[in-house]
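To start, the structure itself, in structure tokens.
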Amino acid sequence: MDSTRRRFVTGLATMTSASILSCSNSLNFSIDSLGFKSKNYPALSGAYLDNAARHPMTIAAGTAVGDYVSGLNSGDEVDVSSSVRAQFATLINANDSEITYAPSTTLGENLITSALGMPASGGHIITDALSLYRFILSL
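Residue numbers (my numbering): -8 to 130.
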């Protein structure tokens, strides 16, 4: 018999699934018999094949996001932004006017290297393990 690890794992998964389903039917037990899924997740339809990018959100998380988004237009963002900018400027001994926000680290790094003329000058950029790979690719 031609035995491979893949066949073993496939057989094990099939065996496990079959045993769970047969036990659940004979014991009148379902995966959600404790009600966790129905209490915490909305009714979903379809399959999520790209779980790394998108996955079902719990009802509590959805409510928290809704609360956050509904407060975005309250008008106090400018005051908070100015306050944070002033505090950060003080922390690094800079002026408020020298501080800006970038929506992502990648964009911030690209703006800085472009302002320094590094890509055009052919300068060398030394990075470490913490640098973002997509930033390095953009140079």
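Cβ atoms here follow ideal geometry from the backbone N, Cα and C, with glycine treated the same way. These figures come from a predicted structure and were not determined experimentally.
- Of the residues assessed, E89 falls on the exposed side of the cut-off, its CB having fewer than 16 other CB atoms within 10 angstroms.
- Annotated three-state conformation of M109 is helix, per DSSP.
- The C-beta distance from R76 to D58 rounds to 25 Å, too long to meet the 8 Å contact threshold.
- For G53, the enclosing alpha helix (DSSP H) stretches over residues 50 to 61.
- Non-local C-beta neighbours of T49 in its own chain, meaning closer than 7 Å and more than five positions away in sequence, comprise N31, Y32, ordered along the chain.
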